[in-house]
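Presented below is the structure to which this report refers.
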Amino acid sequence: MEPAIRFERVSKRFGATIVLDDFDFAVSCGEKVAILGPSGSGKSTLLRILMTLEDIDDGTVYLEGDRLWQRTPGQSATATSSRELARLRSKVGMVFQQFNLFPHMTALENVAAAPRHVLGHSAGAAKKLAGDLLDKVGLGDRLHSYPARLSGGQQQRVAIARAMALRPKVMLFDEPTSALDPELVGEVLEVMKALAHETDLTMIVVTHQLGVARAIADRVCFMERGRLVEEGDPNTFFDAPKSDRTKAFLRSVKLA
Numbered sequence: 000m001e002p003a004i005r006f007e008r009v010s011k012r013f014g015a016t017i018v019l020d021d022f023d024f025a026v027s028c029g030e031k032v033a034i035l036g037p038s039g040s041g042k043s044t045l046l047r048i049l050m051t052l053e054d055i056d057d058g059t060v061y062l063e064g065d066r067l068w069q070r071t072p073g074q075s076a077t078a079t080s081s082r083e084l085a086r087l088r089s090k091v092g093m094v095f096q097q098f099n100l101f102p103h104m105t106a107l108e109n110v111a112a113a114p115r116h117v118l119g120h121s122a123g124a125a126k127k128l129a130g131d132l133l134d135k136v137g138l139g140d141r142l143h144s145y146p147a148r149l150s151g152g153q154q155q156r157v158a159i160a161r162a163m164a165l166r167p168k169v170m171l172f173d174e175p176t177s178a179l180d181p182e183l184v185g186e187v188l189e190v191m192k193a194l195a196h197e198t199d200l201t202m203i204v205v206t207h208q209l210g211v212a213r214a215i216a217d218r219v220c221f222m223e224r225g226r227l228v229e230e231g232d233p234n235t236f237f238d239a240p241k242s243d244r245t246k247a248f249l250r251s252v253k254l255a
């Protein structure tokens with residue numbers, strides 16, 4: 000079966016800084032992958048390329064077998080046609096570190112906006128879908144609350160519901176719990192665990208929090224300087240890492 004996501008010899012630079020270095024990476028359909036690594040290792044850039052928020056300098060990126068990006072040296076990066084790009088982008092949802100909710104909209108309105116304006120649902124159908132999703136993330140009693148009246152954990156759960164409202168095949172999480180107070184991490188983690196264990200979504204979670212990676216992932220990857228250093232199932236990765244660099248990173252994170 001074709002992987003849900005495939006990077007083939009992808010390179011990405013910002014000025015003289017190499018962010019992805021001849022990068023090969025694949026994620027199977029339905030697989031849950033956590034990516035760890037120091038700042039600047041290329042983790043978030045990988046997600047932004049999948050969201051077409053960044054282009055590439057070399058290589059090819061595929062989404063469910065369709066080419067998302069392709070570039071050869073000396074040529075411009077090419078995505079697919081605008082129409083095809085819109086179709087592919089509709090398969091991907093992303094949850095950012097900052098919640099990015101519309102402050103003038105209620106939780107219900109924030110979640111209903113995408114199916115209403117992107118998918119063309121009627122106002123009633125969009126609100127019904129939004130209400131169902133907010134209920135699933137434990138916010139059925141806060142439908143009419145504005146973001147300023149919600150805790151950070153509640154806002155992030157609204158953001159997850161909003162991403163799910165487009166019915167994506169792939170969900171990307173970029174440090175989804177790092178902006179939260181420690182006591183609020185658990186409520187977001189429970190929602191993410193439910194998505195991981197109860198759906199066939201393909202998920203990539205970029206995180207510095209080892210507990211999040213261990214609880215959610217089928218596979219944990221460690222990146223540094225734009226390359227994949229080590230990967231494995233959570234038990235092997237955390238309890239018996241092979242790379243000295245991985246061992247040092249895990250020690251530093253545990254001590255932080």
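Numbering of the sequence shown is given in numbering that gives the first Met the number 0, commencing with residue 0 and proceeding in unit increments.
Note that beta-carbon positions come from the ideal geometry of N, C-alpha and C, so glycine has one too.
These numbers were taken from a predicted model, which means no experiment stands behind them.
Check, Outcome
"Under 8 Å between C-beta atoms of residue 10 and residue 20", "yes"
"Nearest candidate by alpha-carbon position, reference residue 199, set 168, 218, 192, 248", "168"
"Of the residues 37, 190, 0, the one placed nearest residue 249, counting alpha carbons only", "37"
"Per-residue burial, residue 163 [other beta carbons within 10 Å of its own, 16 or more giving buried]", "buried"
"Residues sharing a beta bridge with residue 58, DSSP", "70"
"Where residue 228 falls, given that 16 or more other Cβ within 10 Å makes a residue buried", "buried"
"Where residue 177 falls: helix, strand or coil (DSSP)", "coil"
"Option nearest residue 28 by Cα separation, candidates 203, 235, 212, 226", "203"
"Residue closest to residue 208, alpha-carbon to alpha-carbon, out of 121, 253, 201, 114", "253"
"Proximity of residue 149 and residue 106 at Cβ, strictly below 8 Å", "yes"
"Inter-residue spacing [alpha-carbon to alpha-carbon] between residue 172 and residue 205", "6 Å"
"Same chain only: Cβ atoms within 7 Å of residue 282, ignoring 5 sequence neighbours per side", "The structure shown does not extend to residue 282, since the chain spans only 0 to 255, so no value can be given for it."
"Delimiting residues of the alpha helix (DSSP H) encompassing residue 24", "Where residue 24 is concerned, there is no enclosing alpha helix (DSSP H), although the beta strand (DSSP E) it sits in stretches over 16 to 26."
"Residues that residue 136 bridges to, as DSSP identifies them", "Note: residue 136 sits in no beta bridge, so no partner."
"CA-to-CA distance, residue 30 to residue 2, given in whole angstroms", "9 Å"
"Coarse secondary structure for residue 101, derived from DSSP in three states", "coil"
"Residue 245, buried or exposed, once every other Cβ within 10 Å from all chains shown has been counted against 16", "buried"
"Nearest candidate by alpha-carbon position, reference residue 96, set 180, 108, 225, 221", "180"
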